[in-house]
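Asks:
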Amino acid sequence: MDEIENLELTISKFLRLGILIAGFFILVGWLMDFSLWENPFNHFQEYRRVPFMDLARVAWAQRDWPFFLTYLGLFILISLPVIRVFLTAILFVKQKEMILATIAGMVLFFLILSMSLGIEL
Amino acid sequence: MYSLIMLLVSIVAGFLGSLLGFGGGIIVVPVLTLFFGVDIRFAVAASLISIIATSSGAAASFLKDHLTNLRVAVLLELGTVLGAISGFLISTYIQANWLYLLFGFFLFFSSIMMFKKKKDSTSLVNHPWSDKLGLESKYQDHLGNVIHYKVAGVPWGLFSMYFAGVLSALLGIGSGIFKVLAMDGFMKIPVKVSSATSNFMIGVTASASAGAYLMRGDIRPEIACPVSLGIIFGAFMGAKALPKMPADTIRKFFVEVLLIVSAQMIYKGFQ
Chain A
2 MDEIENLELT
12 ISKFLRLGIL
22 IAGFFILVGW
32 LMDFSLWENP
42 FNHFQEYRRV
52 PFMDLARVAW
62 AQRDWPFFLT
72 YLGLFILISL
82 PVIRVFLTAI
92 LFVKQKEMIL
102 ATIAGMVLFF
112 LILSMSLGIE
122 L
Chain B
-6 MYSLIMLLVS
4 IVAGFLGSLL
14 GFGGGIIVVP
24 VLTLFFGVDI
34 RFAVAASLIS
44 IIATSSGAAA
54 SFLKDHLTNL
64 RVAVLLELGT
74 VLGAISGFLI
84 STYIQANWLY
94 LLFGFFLFFS
104 SIMMFKKKKD
114 STSLVNHPWS
124 DKLGLESKYQ
134 DHLGNVIHYK
144 VAGVPWGLFS
154 MYFAGVLSAL
164 LGIGSGIFKV
174 LAMDGFMKIP
184 VKVSSATSNF
194 MIGVTASASA
204 GAYLMRGDIR
214 PEIACPVSLG
224 IIFGAFMGAK
234 ALPKMPADTI
244 RKFFVEVLLI
254 VSAQMIYKGF
264 Q
């Protein structure tokens, strides 16, 4: 295993910790808002698009803490692969593998771009 | 109660996924849509979250087995991420019944592929890009022999990854089957290496569209929470149970279930 793979292994173990942290926030948020008898899926039988920023505004007005805890967990979870790509790009730079570092940088750029697409649409 | 049922289904999905080598999406999306009546676009978005969880959690073990080709993974991620962005944009305009049809055909294809024996195809020469990026590598087989392999057809592999990314974003799946097919067929990478490299990549692919779906408001905690928690837990149990379970017997039973579900999804698409 080359040095890059060794360092990637360390990053991957770190990301496993990230999963546990994200899972913790999701679990706590979910349990705080949990209702045994309600069917939450009834609200999602028809597709109505409500942007995250609008949901967050309403949740903030109602001081809906479970909402923020759950989304914090979800944001952490989605960010984990992005962080991995960022660290991989740095590793390639350290190894002077500039073409691969540029490719990893491009992947990172497109990952960040994709989030902004969700905001605009 | 309904959330708890979904949590249990997701645990089973994570467990079977870990055992049979697929993402939980092919179980979670049909259950959410056919059983709970959730619109397929919300189900797809929730499924992507669970794919990130399983892929990121397993990345360390994929690397530890020395099979993952990191250089190939980074290069191909460029194709899958661009495909995932396109898939997200297409999802804005595509009608739900088309997604049901696409998902149904994908399930049918997946079940056929589960029956097929995977054979290695090799190349004697590297593609010029492979030489430039140092993509050729080696791994150890189960007998301890060191197998060297070259990497061919890099542009075709990259091009195929784009379509794997589109499908991942549209259907909430890891697209592992297509990634392995492309790496094996075009790039002539040994199946063991392509499977490990594909598993390593699916989290990044899913993340590209999941971020956009979340900002658009399609990832809703009411669905994503039981699904992601269940899949994380189920995948962990599946990895532990892997050596003791009769994976081939379970696979045969599961393929029959998949064929029935694929027919139901296609039927719903035509309704």
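Here the protein sequences line up with chains A and B, keeping their order. Here the first sequence is numbered in the numbering used here, starting from 2 and rising by one per residue. Here the second sequence is numbered in the numbering used here, starting from -6 and rising by one per residue. All C-beta atoms in this analysis are idealised placements derived from N, C-alpha and C, irrespective of residue type, glycine included.
(1) Since I believe residue 45/B is in contact with residue 158/B (beta carbons under 8 Å), could you give me their beta-carbon distance rounded to a whole number of angstroms?
(2) Quick check on the burial criterion: 16 or more other C-beta atoms within 10 angstroms. Buried or exposed for residue 129/B?
(3) Taking the alpha-carbon positions, what's the residue 100/A to residue 258/B distance?
(4) May I ask you to report which of helix, strand or coil DSSP gives residue 122/A?
(5) Taking Cβ-Cβ distances shorter than 9 Å, what residues in chain A pair up with residue 137/B?
(6) Find the residues of chain B that neighbour residue 46/A, judging by a C-beta separation of less than 7 Å, and give them in chain order.
(7) Under the DSSP definition of a beta bridge, which residues are partnered with residue 185/B?
(8) From the beta carbon of residue 86/A, is the nearest beta carbon of chain B less than 8 Å away?
(9) Using a Cβ-Cβ cut-off of 6 Å (strictly less than) and excluding sequence neighbours within five positions of residue 4/B, which residues of its own chain qualify?
(10) Can the beta-carbon of residue 39/B be found less than 8 Å from the beta-carbon of residue 248/B?
(11) I'd like the list of long-range same chain contacts for residue 0/B, defined as Cβ closer than 7 Å, with 5 residues on each side in sequence excluded.
(12) For residue 106/B, which residues in the same chain have their Cβ closer than 7 Å to its Cβ, ignoring the five residues on either side in sequence?
(13) Kindly say whether residue 129/B, judged by its beta-carbon, lies nearer than 8 Å to any beta-carbon of chain A.
(14) At 8 Å on the CB atoms, spell out the chain A contacts of residue 180/B, in chain order.
(15) Verify the CB distance criterion: does residue 258/B have a CB-CB separation below 8 Å to chain A?
(16) Since I believe residue 33/B is in contact with residue 26/B (beta carbons under 8 Å), could you give me their beta-carbon distance rounded to a whole number of angstroms?
(17) Could you tell me how far apart the beta carbons of residue 76/B and residue 47/B are, in whole angstroms, since I believe they sit closer than 8 Å?
(18) Identify, in the order they occur along the chain, each residue of the same chain with its Cβ nearer than 6 Å to the Cβ of residue 70/A, setting aside the five sequence neighbours on each side.
(19) What three-state label does DSSP hand residue 141/B in the structure shown?
(20) Could you run through the stretch 72 to 85 of chain B and flag, in chain order, every residue whose CB is less than 8 Å away from some CB of chain E?
(21) Using beta-carbon positions only, say whether residue 160/B and residue 68/B come within less than 8 Å of one another.
(22) Can you check whether the C-beta of residue 189/B is within less than 8 Å of a C-beta belonging to chain A?
(23) Could you list the residues in the stretch 205 to 225 of chain B with a C-beta less than 9 Å from some C-beta on chain A, going in chain order?
(24) If distances are taken between C-alpha atoms only, which option among 181/B, 168/B, 233/B, -2/B comes closest to residue 9/B?
(25) Looking at chain A, is there any beta carbon in it that lies within less than 8 Å of the beta carbon of residue 175/B?
(26) So what's residue 133/B in DSSP terms, helix, strand or just coil?
(27) To the nearest angstrom, how far is it from the Cα of residue 244/B to the Cα of residue 202/B?
(28) If you run the structure through DSSP and keep just helix, strand and coil, what is residue 23/B?
(29) Within this structure, are the beta carbons of residue 43/B and residue 17/B separated by less than 8 Å?
(30) Should the stretch 104 to 120 of chain A be called in touch with the stretch 180 to 196 of chain B, which here means at least 3 C-beta pairs below 8 Å?
(31) Report the rounded CA-to-CA distance for residue 188/B versus residue 85/A, giving the unit in angstroms.
(32) On the three-state DSSP scale, how would you describe residue 113/A?
(33) Less than 7 Å between C-beta atoms, sequence neighbours within five positions excluded: which residues of the same chain meet that for residue 122/A?
(34) Please list, in chain order, the chain A residues whose beta carbon lies closer than 8 Å to that of residue 68/B.
(35) Does any residue of chain B have a CB that is nearer than 8 Å to the CB of residue 51/A?
Replies: The short version:
(1) By one-based count along the second sequence, residue 158/B stands at place 165. By one-based count along the second sequence, residue 45/B stands at place 52. With a beta-carbon spacing of about 14 Å, residue 158/B and residue 45/B fall beyond the 8 Å limit used to define contacts.
(2) Counting from 1 along the second sequence, the entry for residue 129/B is found at position 136. By the neighbour-count definition (other C-beta atoms within 10 Å, threshold 16), residue 129/B is a buried residue.
(3) Start at 1 with the first residue of the first sequence, and residue 100/A comes out as number 99. Start at 1 with the first residue of the second sequence, and residue 258/B comes out as number 265. Distance between the alpha carbons of residue 100/A and residue 258/B is about 43 Å.
(4) Taking the first residue of the first sequence as 1, we reach residue 122/A at position 121. Interpretation of residue 122/A is limited by its pLDDT of 47, a score under 50 that renders its predicted location unreliable; no figure is taken from the coordinates.
(5) Here residue 137/B refers to the residue found at position 144 of the second sequence. Residues of chain A passing the Cβ test: none, with the nearest at roughly 16 Å.
(6) Here residue 46/A is taken as the residue at index 45 of the first sequence, counted from 1. Chain order gives the chain B residues near residue 46/A as 30, 31, 32, where near means a beta carbon separation below 7 Å.
(7) Along the second sequence, read from residue 1 onward, the residue named residue 185/B stands at position 192. When DSSP reads this structure, residue 185/B sits in no beta bridge, so it has no partner.
(8) The residue you call residue 86/A lines up with position 85 of the first sequence. By this cut-off, residue 86/A is an interface position.
(9) On the second sequence, position 11 is the one that residue 4/B refers to. The beta carbon of residue 4/B sits closer than 6 Å to the beta carbons of 223, 226, 227 from its chain, once the five residues preceding and following it are set aside; these are given in chain order.
(10) By one-based count along the second sequence, residue 39/B stands at place 46. By one-based count along the second sequence, residue 248/B stands at place 255. Contact flag unset, no.
(11) To locate residue 0/B, count along the second sequence from 1; it is residue 7. 219, 222, 223.
(12) Taking the second sequence and counting its residues from 1, the one referred to as residue 106/B is at position 113. Residues of the same chain with a CB within less than 7 Å of the CB of residue 106/B, apart from the 5 flanking positions on each side, are 170 in chain order.
(13) To locate residue 129/B, count along the second sequence from 1; it is residue 136. Residue 129/B does not count as touching chain A.
(14) Residue 180/B sits at position 187 when you count from the first residue of the second sequence. Around residue 180/B, no beta-carbon contact reaches into chain A at under 8 Å, the shortest distance being about 16 Å.
(15) Indexing the second sequence from 1 puts residue 258/B at position 265. Taking CB atoms only, residue 258/B has no neighbour in chain A less than 8 Å away.
(16) To locate residue 26/B, count along the second sequence from 1; it is residue 33. To locate residue 33/B, count along the second sequence from 1; it is residue 40. Correct: roughly 5 Å between the Cβ atoms.
(17) By 1-based counting over the second sequence, the position of residue 76/B is 83. By 1-based counting over the second sequence, the position of residue 47/B is 54. Not quite, the Cβ-Cβ distance comes to about 20 Å (not below 8 Å), so this is no contact.
(18) Residue numbering aside, residue 70/A sits at position 69 when the first sequence is read from its first letter. Non-local C-beta neighbours of residue 70/A in its own chain, meaning closer than 6 Å and more than five positions away in sequence, comprise 26, 29, 30, ordered along the chain.
(19) Against the second sequence, residue 141/B aligns to sequence position 148. In the displayed model, residue 141/B falls within a strand according to three-state DSSP.
(20) Absent here is chain E; the protein component of the structure consists of chains A and B.
(21) Counting from one through the second sequence, the residue named residue 160/B turns up at place 167. Counting from one through the second sequence, the residue named residue 68/B turns up at place 75. For residue 160/B and residue 68/B, no; Cβs fall outside 8 Å.
(22) Numbered from 1 along the second sequence, position 196 holds the residue referred to as residue 189/B. Cβ-Cβ to chain A under 8 Å: no for residue 189/B.
(23) Using a CB distance below 9 Å, the part of the stretch 205 to 225 of chain B facing chain A consists of 205, 206, 207, 208, 209, 210, 211, 212, 213, 214, 215, 216, 217, 218, 219, 221, 222, 225, ordered along the chain.
(24) Within the second sequence, the letter at position 16 stands for residue 9/B. Ranking 181/B, 168/B, 233/B, -2/B by Cα distance to residue 9/B puts 233/B first.
(25) Taking the second sequence and counting its residues from 1, the one referred to as residue 175/B is at position 182. Any Cβ of chain A closer than 8 Å to the Cβ of residue 175/B would place that residue at the interface, and such an atom is absent.
(26) As a working note, residue 133/B is residue 140 in the second sequence. Three-state DSSP puts residue 133/B in a strand.
(27) What you label residue 244/B is simply residue 251 of the second sequence in a count that begins at 1. What you label residue 202/B is simply residue 209 of the second sequence in a count that begins at 1. Each residue's CA atom was taken as its position, placing residue 244/B and residue 202/B some 29 Å apart.
(28) Locating residue 23/B in the second sequence gives position 30, where the first residue counts as 1. In the three-state DSSP reduction, residue 23/B falls in the helix class (H, G or I).
(29) In the second sequence, the residue the question calls residue 43/B occupies position 50. In the second sequence, the residue the question calls residue 17/B occupies position 24. Contact: yes.
(30) Segments in contact, no.
(31) The sequence position of residue 188/B within the second sequence is 195, counting from 1. The sequence position of residue 85/A within the first sequence is 84, counting from 1. Cα-Cα distance, rounded: 20 Å.
(32) By 1-based counting over the first sequence, the position of residue 113/A is 112. Residue 113/A falls in the helix class under three-state DSSP.
(33) Taking the first sequence and counting its residues from 1, one reaches residue 122/A at position 121. Annotation note: pLDDT 47 at residue 122/A (below 50); position unreliable, coordinate value reported separately. Around residue 122/A: no qualifying Cβ.
(34) The count along the second sequence starts at 1 and reaches residue 68/B at position 75. 101, 104, listed in chain order.
(35) Translated into positions along the first sequence, residue 51/A becomes position 50. True, the Cβ-Cβ gap to chain B drops below 8 Å.
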